[in-house]
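**Q** Before I ask anything, let me first share the structure, which is written out below as structure tokens.
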Amino acid sequence: MINRQLLEPESIVVIGGSNNVHKPGGAVVRNLMSGGYGGVLRIVNPKEDEVQGIKAFHDARELPPTDLAILVVAARFCPDYVELLASEKGVRAFIIISAGFSEETPEGALLEQRIVDTCQQYGCALIGPNCIGLLTRWHHSVFTKPIPQLNPRGVDFISGSGATAVFILESAVTKGLQFNSVWSVGNGKQIGIESVLEYMDEHFDAEHDSPVKLLYIENIADPDKLLYHATSLIRKGCRIAAIKAGSSESGSRAASSHTGAIASSDAAVEALFRKAGIVRCFSREELTTVGCIFKSLEWKVESGEFATAMPSPNETAVANSTLYALHSPLSCAIITHAGGPGVMLTDALSKGGMNVPALKGERADELKAKLLPGSSVSNPIDILATGSAKELETAIDFCEQQFPEVDAIMVIFGTPGLVKIFEVYDVLDRKIRECRKPIFPILPSVSTAGPEVQEFLKRGHVNFSDEVTLATALTQIMKTPAPADQNVVINGVDVPRIRKIIDGIEVPAVTDGASGGTSGTWVTPSIVHELLSAAGIATVPEFVSANKDEVLAFAEKAGFPVVAKVVGPVHKSDVGGVALNIRSKEVLSAEFDRMMQIPDATAVMVQKMLKGIELFIGAKYEERFGHVVLCGLGGIFVEVLKDVSSGLAPLSYEEANSMIHSLRGYKILKGTRGQQGINERKYAEIIVRLSTLLRFATEIKEMDINPLLADGDDVIAVDARIRIEK
2 MINRQLLEPE SIVVIGGSNN VHKPGGAVVR NLMSGGYGGV LRIVNPKEDE VQGIKAFHDA
62 RELPPTDLAI LVVAARFCPD YVELLASEKG VRAFIIISAG FSEETPEGAL LEQRIVDTCQ
122 QYGCALIGPN CIGLLTRWHH SVFTKPIPQL NPRGVDFISG SGATAVFILE SAVTKGLQFN
182 SVWSVGNGKQ IGIESVLEYM DEHFDAEHDS PVKLLYIENI ADPDKLLYHA TSLIRKGCRI
242 AAIKAGSSES GSRAASSHTG AIASSDAAVE ALFRKAGIVR CFSREELTTV GCIFKSLEWK
302 VESGEFATAM PSPNETAVAN STLYALHSPL SCAIITHAGG PGVMLTDALS KGGMNVPALK
362 GERADELKAK LLPGSSVSNP IDILATGSAK ELETAIDFCE QQFPEVDAIM VIFGTPGLVK
422 IFEVYDVLDR KIRECRKPIF PILPSVSTAG PEVQEFLKRG HVNFSDEVTL ATALTQIMKT
482 PAPADQNVVI NGVDVPRIRK IIDGIEVPAV TDGASGGTSG TWVTPSIVHE LLSAAGIATV
542 PEFVSANKDE VLAFAEKAGF PVVAKVVGPV HKSDVGGVAL NIRSKEVLSA EFDRMMQIPD
602 ATAVMVQKML KGIELFIGAK YEERFGHVVL CGLGGIFVEV LKDVSSGLAP LSYEEANSMI
662 HSLRGYKILK GTRGQQGINE RKYAEIIVRL STLLRFATEI KEMDINPLLA DGDDVIAVDA
722 RIRIEK
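Numbering (the working numbering), first residue to last: 2 to 727.
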């Protein structure tokens, strides 16, 4: 629970505050005082009479009633202090800096639980333990540095790691990124990242609160809560970017299917972020760069100027503050006085799917005439090393007023040692404020022109010192979809029939070794066929039998060529259990005999041979997240290339389309070199139908449809496996 005493305490006591500012107890007091805390600050230190000019209490029992207590003492003392302060001194908020709790030992976990129980009994808010504290414009209750510049419209930053939070702040400060608040939740036993987002969502004021949230997450304790409140905030106009660390371990150590081989907790995180509309980042630099992009665009969007200046297809999306919904490429003009960085930025933007349009014609010729001889205007616009503030202003004005094909302007300008940088940055400052198109400043000379860059940042701007990092971060923003609709799409899926089939399946109580040591069973092909049929997913006519004559009769009726597959072994290809393009009864007879000799074979399945582009859809149940649905290129490529996209069930059509478009091999699906593309609408429909099936059949823990053959307008499931647990 987050309360007034935590956010706006009228009085604060530091238990363990000291005169040694090189230790946490002293550093917290220093930061509170230097941060201008306007309430009553009290200190408890049994050995000191005065701490940094403040009279100290030797015993907490001597304290008058106080709102917030910051504990910087050994873990073993904390539960008793919390009990005393909550019961006798009216303390209703605690920030526990101390470590040595559940993150270290079982004994520490017991101490932590005592604290949580006391806070619950007295209705107290608890940040920590094992954190760096809480930094707001009201009070600087942290023991670390740097203290970033605070601004009501700055970024809200929430971190599950104190040390990492410090490093992220270091990265942000050098870029000029300002903050509204910094939350280090530590062990987060009571108030975790999800709880902070919940509070920000439920109390969000679009006119006064920060619209940008940055997250560093080590553990997603409540995925549903994170999804709900992140989605809600984004729909209210916020932008959220996050790092999720520690998500690379495979969710299935003994992979029992293609899905098991590639599904992991990371796929679940990716799916959750996509569904919520959270921009996923993978490094501190990328996270703070995304934050700077958000802040660069915020003023333009809020003032309405950005949208007014953009007659491109991006106009509506930007006007609605939804960069997440931008599917058409952003068109960028690059102004530089150094050729190399301009080329690298062009390459990075193009690789990310954005446009760097060629500028030509009469307007381009007019610009060239106004620049120094030898300048280039084709885009990048190179004003040369001798270009000054005058040439920069001219180039920016042309991009703003004369080139409607340009959506955004990127300016690369360091110090060549030939011009006065202060004048250049004065122009850049003025143009950022005047222009209706966003300008991204890339000022690489952070050492040589350090004073000039710092003066520029003090005016409220940010700096992207590396052009490729900027392009990479912008790409991540552009490819992040808008928050998804949470409704389940029924659309003809026969839910009662699905439940009847699932309820009728008998699952052995013993552990199934084939599924990697997990109890459950792989259902028979006939049941797979029934479930897919109930979901409205077309399947290839097939027949399964251990009787050769019956198999041969079906093949003759269906017509050759056919496909034969062994029934029993999970990985058919690995044991030679698949025979393609069988064109005669004699060959099928021989293949039947061979397959029935394969260990664990129980029958042979025969299907009509079809051709087309092989696709893949899979799903795996992840604890706390639900079903993660995967799609991509099928056949053997799903494991070799691992080019898959993930989503959390249930999925909307918009989500399914976004998953398909995000595949690296999407051009193959679209059709290349004269080949017909697949029916994307039908592929997306099957993904949605499968997610609905999973929503009403949670007993399905793992499944593959591989391959799913796409030929012309048809998309048909050829082979599928489903594992059930009850």
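C-beta: ideal position from N, C-alpha, C; glycine also. Since the structure is predicted, the reported quantities are computational estimates derived from the model, not experimental observations.
D513 by DSSP, collapsed to three states: which one?
**A** Here the model assigns D513 a pLDDT of 44, short of 50, so the residue's position is not dependable, and the following value carries that caveat. If DSSP states are grouped into helix, strand and coil, D513 belongs with the strands.
**Q** Compare the C-alpha of L611 against each of C79, I583 and I637 and name the closest.
**A** I583
**Q** Return the first residue and the last residue of the alpha helix (DSSP H) that D644 is part of.
**A** Boundaries cannot be given for D644, as no alpha helix (DSSP H) includes it and DSSP labels it neither H nor E.
**Q** At 4 residues or longer, and completely inside the segment 666-724: list those alpha helix (DSSP H) runs for me, N to C.
**A** 667-671 and 681-696
**Q** I need the straight-line Cα distance from N315 to Q403, nearest angstrom please.
**A** Because N315 sits at a pLDDT of 36, beneath the cut-off of 50, its placement in the model cannot be relied upon, and the point is left open.
**Q** So does the segment 475-486 actually touch the segment 340-360, counting three or more Cβ pairs closer than 8 Å?
**A** yes
**Q** How many whole angstroms separate the CB atoms of V117 and K190, which I take to be in contact at a CB cut-off of 8 Å?
**A** 5 Å
**Q** Output the distance between the C-alpha atoms of A515 and L581, rounded to the nearest integer angstrom.
**A** Unreliable placement is indicated for A515, whose pLDDT of 43 sits below 50; the coordinate value is still reported in the next sentence. Whole-angstrom Cα-Cα distance: 25 Å.
**Q** I need the boundaries of the alpha helix (DSSP H) containing Q477, first residue and last residue.
**A** E468 to M479
**Q** Does the beta carbon of K245 sit closer than 9 Å to a beta carbon anywhere in chain B?
**A** Among the protein chains of the structure shown there is no chain B, as only one such chain exists.
**Q** Would you check if the distance between the CB atom of I687 and the CB atom of G648 is smaller than 9 Å?
**A** no
**Q** For F95, list the residues DSSP reports as bridge partners.
**A** A70 and L127
**Q** I want to know whether the segment 380-391 touches the segment 337-348 - three or more CB-CB distances under 8 Å.
**A** yes
**Q** Thinking C-alpha only, which one of N131, K176 and R236 is nearest W184?
**A** For the residues N131, K176 and R236, the minimum Cα distance to W184 belongs to N131.
**Q** Out of curiosity, what's the CA-to-CA distance linking T470 and S284?
**A** 11 Å
**Q** Taking only the alpha-carbon atoms, compute the straight-line gap between A450 and R460 and give it to the nearest angstrom.
**A** Between the alpha carbons of A450 and R460 lies a distance of about 16 Å.
**Q** I'd like to check one pair, I159 with K214: are the Cβ atoms closer than 9 Å?
**A** yes
**Q** What is the residue span of the beta strand (DSSP E) that H628 lies within?
**A** G627 to L634
**Q** May I ask which residues mark the beginning and end of the beta strand (DSSP E) holding S160?
**A** L151 to S160
**Q** Go through its chain and collect everything with a Cβ distance to A110's Cβ below 6 Å, but skip five positions before and after it.
**A** S103
**Q** Mapping the DSSP letters down to three states, classify P314 as helix, strand or coil.
**A** Confidence is the limiting factor: at P314 the pLDDT is only 33, short of 50, which leaves the residue's position unreliable and the question unanswerable from this model.
**Q** Give every residue of the same chain whose Cβ lies closer than 6 Å to the Cβ of A547, excluding the five residues on either side of it in the sequence, and list them in chain order.
**A** A604
**Q** Based on DSSP bridge pairs, tell me the residues matched to G648.
**A** V630
**Q** Is the beta carbon of E394 less than 9 Å from the beta carbon of K421?
**A** no
**Q** So, helix, strand or coil for E11, using DSSP?
**A** coil
**Q** Could you check whether the segment 616-628 touches the segment 548-560, counting it as contact only if at least three pairs of C-beta atoms, one from each stretch, sit closer than 8 Å?
**A** With the cut-off at 8 Å, the segment 616-628 and the segment 548-560 do not touch.
**Q** Could you give the uninterrupted runs of the beta strand (DSSP E) lying entirely in the segment 163-221, keeping only those of 3 residues or more?
**A** 180-185 and 213-218
**Q** Evaluate S692 with the Cβ neighbour count: other Cβ atoms within 10 Å of its Cβ, from every protein chain shown; 16 or more gives buried, anything less gives exposed.
**A** Looking at its Cβ environment, which holds 16 or more other Cβ atoms inside 10 Å, S692 is buried.
**Q** Rounded to whole angstroms, what is the Cα-Cα separation between S251 and I599?
**A** Here the model assigns S251 a pLDDT of 43, short of 50, so the residue's position is not dependable and the matter cannot be decided.
**Q** Between the alpha carbons of N188 and Q677, how many angstroms are there, rounded?
**A** 54 Å
**Q** Can you find the residues in the same chain that come closer than 6 Å, C-beta to C-beta, to T67, ignoring five residues on each side of it along the sequence?
**A** S12, V14, K90 and V92
**Q** What three-state label does DSSP hand C282 in the structure shown?
**A** strand
**Q** Beta-carbon within less than 6 Å of T119's beta-carbon, same chain only, minus the 5 sequence neighbours each way: which residues are those?
**A** Same-chain partners within the cutoff: V83, E84 and A87.
**Q** For R254, which residues of its own chain have a beta-carbon under 6 Å away from its beta-carbon, when the five flanking residues on both sides are left out?
**A** Its pLDDT being 37, under 50, R254 is placed unreliably in this model, and the value from its coordinates should be taken loosely. Correct list: empty, nothing qualifies.
**Q** Among residues of its own chain, excluding the 5 on either side of E171, which ones have a beta-carbon nearer than 7 Å to its beta-carbon?
**A** P147
**Q** Could you check what DSSP says for G134 in three-state terms: helix, strand or coil?
**A** In the structure shown, the three-state DSSP call for G134 is strand.
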